[in-house]
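The listed protein sequences derive, respectively, from chains U and F. Heads up: the first sequence runs through residues 6 to 173, numbered per the numbering used here. Heads up: the second sequence runs through residues 190 to 276, numbered per the numbering used here.
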Amino acid sequence: MTLSINCRIQTEDFSVTTEYQALQRPDCGSVVLFSGLVREHFAPIAPLSCENTSAGVDRLLALELEHYPGMTERSIIAIAQQAAARYDLRAVTIIHRIGVLPVHEQIVLVGIASPHRRDAFAACEMLMDFLKNEVPLWKKAHFQQSSAWVEAKASDKTALARWEQPPT
Amino acid sequence: MKASQDTAVLFFASLREAMKTPNLNLALENPVQVCELVQLIATQSAAYAAALAGRELLVAVNEQLVTQQCMVTPGDTVALFPPVTGG
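In structure tokens, the structure reads:
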């Protein structure tokens, strides 16, 4: 079965509608899309003493995304192929934005087309788990009064373990 | 005598900022383990040693994630970076 992989690293925004339409296939009964956004509440690593912020939490203005050009694309294609070896997938779209992304902006899109929904849902989750652990991308949080590199979460690392088991 | 070959070492994110450079070129004559290569960089300056000390590092050799025990061959491209946080 042929698998179409569309991987893009870009500064510009993307259209979920356009990507949804591009994923549709006559033999696919399901398309699952996940989009990640820059949320407002993001605790800085160092506690702040400033008084003009609510509850000592500095307001997030933007996330800045850095990547390793070349390796990023290569590792995204590798994880898409891993997901396709486990699930019946016909098309995968992964778009990750880089650069400065203000609050409410879209960061990432993972789209899956599959004949059946279970494969599409599971592959979408698997790809996000691998994206958060194996793809060379880093976030720096820019607050009103400080900046800090985002620390990797242990929960993201443990989430990988479930993909070591055979699919149920 | 073997001719030494330039081995590019790239740094990303918080490590790039701590190293105050995005890359270094090392003249390697023989294959070394990644952990030895990191030691070699740390011996070049106190600032590099401080930037590398006590930090969880991920390593890619020629754009593939590897362990600290992996061998680096002269001419390879090595990347050192903190745990990734994309998605």
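Ideal Cβ placement from N, Cα and C applies to all residues, glycine included.
Query, Result
"To the nearest angstrom, how far is the alpha carbon of P74/U from that of L65/U?", "26 Å"
"Using a Cβ-Cβ cutoff of 7 Å, what residues of the region 106 to 137 of chain U are near chain F? List them in chain order.", "V113, M133, L136 and K137"
"How is the beta strand (DSSP E) around L142/U delimited, first residue to last?", "L142 to F148"
"How many Å lie between L70/U and G104/U at the Cα?", "5 Å"
"Could you tell me which whole beta strand (DSSP E) segments of length 3 or greater appear in the region 196 to 266 of chain F?", "212 to 217, 247 to 250 and 253 to 255"
"Is it true that the region 132 to 139 of chain U meets the region 80 to 96 of chain U, where meeting means three or more beta-carbon pairs spaced less than 8 Å apart?", "yes"
"Taking 7 Å as the CB-CB limit, is A153/U close to chain F?", "no"
"Cβ of M260/F versus every heavy atom of the ligand SAM: is any distance shorter than 6 Å?", "No copy of the ligand SAM occurs in the structure displayed, which carries no ligand at all."
"Which residue comes first and which comes last in the alpha helix (DSSP H) that contains A166/U?", "Counting along the chain, A166/U falls outside any alpha helix (DSSP H), and DSSP gives it neither H nor E."
"To the nearest angstrom, report how far apart A242/F and P272/F are at their CA atoms.", "15 Å"
"Below 8 Å CB to CB, which residues in the same chain sit around A231/F once its five sequence neighbours on both sides are set aside?", "Y237, A238, L241 and A242"
"Quick check on I117/U: does DSSP put it in helix, strand or coil?", "strand"
"What is the rounded straight-line gap between the Cα of S54/U and the Cα of A157/U?", "Interpretation of S54/U is limited by its pLDDT of 48, a score under 50 that renders its predicted location unreliable; the figure taken from the coordinates is listed afterwards. Using only the alpha carbons, I get a separation of about 24 Å."
"Roughly how many angstroms lie between the CA atoms of F47/U and D265/F, to the nearest whole one?", "38 Å"
"Where A268/F and F200/F are concerned, what is the direct C-alpha to C-alpha distance, given to the nearest angstrom?", "6 Å"
"Rounded to whole angstroms, what is the Cα-Cα separation between C224/F and Q194/F?", "19 Å"
"Excluding the 5 residues preceding and the 5 following S164/U in the sequence, name in chain order all residues of the same chain whose CB lies nearer than 6 Å to its CB.", "First, the residue type needs correcting, since residue 164/U is Ala and not Ser in the sequence shown. Here the set comprises D134."
"E139/U by DSSP, collapsed to three states: which one?", "helix"
"If you draw a straight line from the C-alpha of A216/F to the C-alpha of W143/U, how long is it?", "29 Å"
"Residues bridged to L42/U by DSSP?", "Q111/U"
"Can the beta-carbon of L106/U be found closer than 7 Å to that of L136/U?", "no"
"Out of L213/F, G275/F, N219/F and T256/F, state which residue places its alpha-carbon closest to the alpha-carbon of S234/F.", "L213/F"
"Using only the alpha-carbon positions, how far apart do E245/F and Y25/U sit?", "38 Å"
"Any beta carbon from chain F within less than 7 Å of L42/U's own beta carbon?", "no"
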